[in-house]
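Undergrad: Using UniProt numbering, read the sequence shown as starting at 1 and increasing by one per residue.
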Amino acid sequence: MQPATKLITLFILSCFVFEVRAQSLPDSLVLKKIKSAAAKQSVIATAVTNLADIHGPRLLGTTNYYHAAQWTKQQLLKNGADTAWFESFDQQYRGWKVNSFNVEMTAPSYMHIAAYPLAYTKSSKGTVTGDVVVLKHIDSLSALKGTLKGKILLLCDGYRPVNNMHSITSQRISKEQLQLAADNPDPNDLMIGYHSRRSTLQAITSQEKRREALNAFFQLCEKEAVAALIEPSDYPYGILHIDGNNHIPSYRKNNEITPVPSFVMANEHFGRLVRLVEHGITPKLRFHVDAVFNFNPEYNVNVIADIKGTDKTWGDEQVIMGAHLDSWHGGTGAVDNAAGVAVMMEAMRLLKAADLKPKRTIRIALWGGEEQVFAGSRVYTEKRVGSLVNGSTRHDFSKISAYFNLDNGTGKIRGIYAQGNSAVKPLFEDFMAPFAAGGNGTVTLQNANQTDHELFDALNIPAFQFIQDPLNYISAVHHTNLDVAEYVNKPDLQESAIMVAYLMYKVAMHDSLLPRREHISIEPSLNGNTRFFLKGFDNAGSVSIVSDFNNWNMFGTPLKKVPGGWTCSLNLKPGRYLFKYIVDGDWTNDPQTPPDKLLRDGKGHAGLTEIIVK
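#1: Along the chain, which unbroken stretches of the beta strand (DSSP E) at least 3 residues long are found entirely within the region 252-290?
#2: How should Asn440 be labelled, buried or exposed, when 16 other C-beta atoms within 10 angstroms of its C-beta is the threshold for buried?
#3: Should the region 118-138 be regarded as contacting the region 271-290, the criterion being three or more beta carbon pairs within less than 8 angstroms?
#4: Could you pull out every residue in the same chain whose Cβ sits closer than 6 angstroms to the Cβ of Met345, ignoring the five residues on either side in sequence?
#5: Whose C-beta lies closer than 8 angstroms to the C-beta of Trp587 among residues of the same chain, with five residues either side of it excluded?
#6: Does the separation of the CB atoms of Ile152 and Ala228 fall below 8 angstroms?
#7: What is the DSSP secondary structure of Ser327, reduced to helix, strand or coil?
#8: What is the DSSP secondary structure of Lys603, reduced to helix, strand or coil?
#9: By the 10 Å Cβ neighbour count, where 16 or more other Cβ atoms means buried, how is Glu176 classified, buried or exposed?
#10: Any chance the region 375-390 sits against the region 424-438, with 3 or more Cβ pairs inside 8 angstroms?
#11: Once the 5 residues before and after Phe217 are set aside, which same chain residues still bring their CB inside 7 angstroms of it?
#12: Is there contact between the region 557-568 and the region 526-534, where contact requires at least three CB pairs shorter than 8 angstroms?
#13: For the alpha helix (DSSP H) containing Leu493, name the first residue and the last one.
#14: Helix, strand or coil for Cys156, going by three-state DSSP, please let me know.
#15: Taking a contact to mean a Cβ-Cβ separation below 8 angstroms, would you say Asp483 touches Tyr65 in this structure?
#16: If you draw a straight line from the alpha carbon of Pro462 to that of Ala402, how long is it in whole angstroms?
#17: Considering only residues of the same chain and omitting the five flanking positions on each side of Pro191, which have a CB-CB separation below 8 angstroms?
#18: DSSP on Leu220, reduced to helix/strand/coil?
#19: Give, in chain order, every unbroken run of the beta strand (DSSP E) that is at least 3 residues long and sits entirely within the region 116-143.
#20: Answer yes if the region 404-417 comes into contact with the region 333-342, meaning at least three C-beta pairs across the two stretches below 8 angstroms, and no otherwise.
#21: Enumerated in chain order, which unbroken segments of the alpha helix (DSSP H) with a length of 4 residues or greater are wholly contained in the region 34-67?
#22: Return the first residue and the last residue of the beta strand (DSSP E) that Tyr473 is part of.
#23: DSSP state of Gln465, grouped into three classes?
#24: Could you compute how far the alpha carbon of residue 644 sits from the alpha carbon of Leu154?
#25: Is Gly322 helix, strand or coil when you go by DSSP?
#26: Could you give the C-beta distance for Asp306 and Ala81, rounded to a whole number, given that I count them as a contact under 8 angstroms?
#27: Would you please state the rounded distance, in angstroms, between the beta carbons of Asn551 and Arg576? I believe it to be under 8 angstroms.
#28: Taking 7 angstroms as the cut-off, is the C-beta of Pro515 nearer than that to any heavy atom in the ligand ZN?
#29: Is Glu370 buried or exposed, if buried means 16 or more other CB atoms sit within 10 Å of its CB?
#30: For a test of the three-state rule: what should DSSP assign to Ala213, helix, strand or coil?
#31: Can Asn267 and Pro236 be called in contact, C-beta distance under 8 angstroms?
#32: For residue 656 versus Ala476, is the C-beta spacing smaller than 8 angstroms?
#33: Could you give the first and the last residue of the continuous beta strand (DSSP E) run that contains Asp306?
#34: What's the call for Tyr417, buried or exposed, on a 16-neighbour Cβ count within 10 Å?
#35: On a Cα-Cα basis, can you pick out the residue from His288, Leu276, His279 and Asn254 that is closest to Tyr262?
#36: Quick check on Tyr487: does DSSP put it in helix, strand or coil?
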């Protein structure tokens, strides 16, 4: 071998050895490098200040949101992302902001009212004074036709006076609670955190139906020249709960109606007005609101950035971490969700600063319009992953190993909700082992929803929300005027960023894509060795089956409507299974199973039918 040839060969071998070593670092060294990078610098404080104090609030479609997106994209590139770009999710969304407002009671005595305008409602015509009318039920408005001109309506549907038994204390999850969650075999049994029993499609369509159902109400208010609408906050101690999820929804599309001036009012002030009316006294309110709309489709963008994978085979596979960038408008969106964005941005920075070389691409996705039922992530998944309507898949479906989401406030990460995916539980317990001694490595099979990961989860991409200490997130801050930087716990966020960076790297280096759940689909399966048939229920809108074979998935495996009932066929391994049905959201025994033959599984499920697959 000639000297020059020998040198070239040695150089190639050394490069190969370096690459293998770079991609096979011991876990302890990986974590050490991440922690060292975190100790030298952090973007968390800067991100919270810029997103909340400077560019907050960040309501869908607004200039503030777009400026926040621009700043975030620039920072991701500055901190080492290989590429960063915008992806539009526009569906004719409009922006809205309030320039000024005021609400006062002028009779029977003066009181300055704690209130805030609700998003996407009209401005008043200058300063307006009107009598208060209590509207017990929205559907009783038509009975008051001809008497409503200039009136200010208190919307009392579901109104509950607060009292001094309400607590807004800040809490962490105890060791005992975490252990209960870790041991819990039932994904639907709520031990910690938050989830609701409704599917992603139900969440989307229910909001649309709610707006449509209320169109006539708002049109009648307009026709009758109602001066304003007021809904009560459901928080205590004067806290204003300001979003579009109560009486008055957010009409955020350019072709939708614009309700008359509408406010949320402190529960205590609302209660005083109601009591005055009940005692035969008619209060008078004086108010004004100056709000402006804008229509800039280019503002409706998600922010995406990549750290490119280094492996020739796996490099185009993705591990995605995400958080929503938008917020409601009553505070500055510091806790919900500048905090989550800051953690994910810092995790990306740590991966680059630690000079780690992931085999798979690590992507960050910062979503717009999450508060408007996942507007940003919905378009992203529809274009790249698959359809929530018919289950058809797109290009990225087979390329995504996992999606991880952060959107439960500012509390420290304590572990992961595994979404009923029993196959990933031992993997995550191994990946999170370095944090277990500090009480931050819990993995629970429990479901979590109400945020962006559920779009991926519905399409059977392994998708997860992190367990976080609640602090005062739900008790005082969530969607309220207290969502401000003072309630951001920066030390917790920094610790969380270290955990996220380490976990993303571990998943990106794993020897395969993360396992997906079995028998989870949008469309019913009609091919398999085991047929299920639910007789009757001709008027049902949807039927699914829930069982140990799908690990009691919250929404089950869908059935298809056929003459005489509902059916599906699944490929099941030999064994004994227990099941029941979900009919229009209600868990339902199989009526063909005699009551004395219905079983329990010892995990909290009763009324089950047994089937043996041979």
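The C-beta atom is built at its ideal place from N, Cα and C for all residues, glycine as well. Just so we're clear, the structure is a prediction, and the values are computed from it rather than from any experiment.
TA: Reading it off the structure:
#1: 262-265
#2: As a first step, residue 440 must be located in the sequence shown, where it is residue number 440. Buried, by the Cβ-count rule.
#3: With the rule of 3 Cβ pairs closer than 8 angstroms, the region 118-138 counts as touching the region 271-290.
#4: Within the sequence shown, numbered from 1, the residue matching residue 345 stands at position 345. Taken in chain order, the residues that qualify are Val43 and Ala47.
#5: In the sequence shown, the residue the question calls residue 587 occupies position 587. Taken in chain order, the residues that qualify are Val546, Lys580, Tyr581 and Gly607.
#6: Start at 1 with the first residue of the sequence shown, and residue 152 comes out as number 152. Start at 1 with the first residue of the sequence shown, and residue 228 comes out as number 228. Their beta carbons are under 8 angstroms apart, which means Ile152 touches Ala228 by this criterion.
#7: By 1-based counting over the sequence shown, the position of residue 327 is 327. Coil, per DSSP.
#8: Counting from 1 along the sequence shown, the entry for residue 603 is found at position 603. Coil at Lys603, not helix or strand.
#9: Stepping through the sequence shown from its first residue, residue 176 is reached at position 176. Its Cβ having fewer than 16 others within 10 Å, Glu176 is exposed.
#10: no
#11: On the sequence shown, position 217 is the one that residue 217 refers to. Ile138 and Leu141, listed in sequence order.
#12: Because the criterion of three Cβ pairs below 8 angstroms is met, the region 557-568 and the region 526-534 touch.
#13: As a first step, residue 493 is located in the sequence shown; it is residue number 493 there, counting from the start. Lys490 to Met509 is the span of the alpha helix (DSSP H), which, as asked, contains Leu493.
#14: Locating residue 156 in the sequence shown gives position 156, counting from the first residue. Coil.
#15: As a working note, residue 483 is residue 483 in the sequence shown. As a working note, residue 65 is residue 65 in the sequence shown. Not a contact, by the Cβ cut-off of 8 angstroms.
#16: On the sequence shown, residue 462 is found 462 positions in, with the first residue counted as 1. On the sequence shown, residue 402 is found 402 positions in, with the first residue counted as 1. Their backbone Cα atoms lie some 5 angstroms apart in a straight line.
#17: Position 191 of the sequence shown, counted from the start, is the residue given in the question as residue 191. Reading off the sequence, residue 191 comes out as Met, not Pro. Only Gln177, Leu180, Ala181, Asn184, Thr444 and Gln446 meet the Cβ criterion.
#18: For the purposes of this step, residue 220 is taken as residue 220 along the sequence shown, with counting starting at 1. Three-state DSSP puts Leu220 in a helix.
#19: 128-135
#20: Judged by Cβ distances under 8 angstroms, the region 333-342 makes contact with the region 404-417, as three or more pairs qualify.
#21: 44-48
#22: If you number the sequence shown from 1, residue 473 lands on position 473. Careful: Tyr473 lies outside any beta strand (DSSP E) and carries neither H nor E.
#23: Translated into the one-based positions of the sequence shown, residue 465 becomes position 465. In the structure shown, Gln465 sits in a strand (DSSP, three-state: E or B).
#24: Outside the shown range of the chain (1 to 614) lies residue 644, about which nothing can therefore be said.
#25: Start at 1 with the first residue of the sequence shown, and residue 322 comes out as number 322. Looking at Gly322 - three-state DSSP - the assignment turns out to be strand.
#26: The count along the sequence shown starts at 1 and reaches residue 306 at position 306. The count along the sequence shown starts at 1 and reaches residue 81 at position 81. Confirmed, about 6 angstroms.
#27: Residue 551 sits at position 551 when you count from the first residue of the sequence shown. Residue 576 sits at position 576 when you count from the first residue of the sequence shown. Rounded, the Cβ-Cβ distance is 15 angstroms, inconsistent with contact.
#28: By its list of ligands, the structure shown contains no ligand whatsoever, and the ligand ZN lies outside what it can speak to.
#29: Translated into the one-based positions of the sequence shown, residue 370 becomes position 370. Its Cβ being crowded by 16 or more others within 10 Å, Glu370 is buried.
#30: To locate residue 213, count along the sequence shown from 1; it is residue 213. In the structure shown, Ala213 sits in a helix (DSSP, three-state: H, G or I).
#31: For the purposes of this step, residue 267 is taken as residue 267 along the sequence shown, with counting starting at 1. For the purposes of this step, residue 236 is taken as residue 236 along the sequence shown, with counting starting at 1. A contact, by the Cβ cut-off of 8 angstroms.
#32: The chain is shown only over 1 to 614; residue 656 falls outside these bounds and no answer can be derived.
#33: As a first step, residue 306 is located in the sequence shown; it is residue number 306 there, counting from the start. Here the beta strand (DSSP E) through Asp306 covers Val301 to Ile307.
#34: Taking the sequence shown and counting its residues from 1, one reaches residue 417 at position 417. Buried, since its Cβ has 16 or more Cβ neighbours within 10 Å.
#35: Within the sequence shown, residue 262 is the residue found at index 262, counting from 1. The sequence as given places Ser at residue 262; Tyr does not occur at that position. Answer by Cα proximity: His288.
#36: Looking up residue 487 in the sequence shown gives position 487. In this structure, Tyr487 counts as helix in the three-state DSSP scheme.
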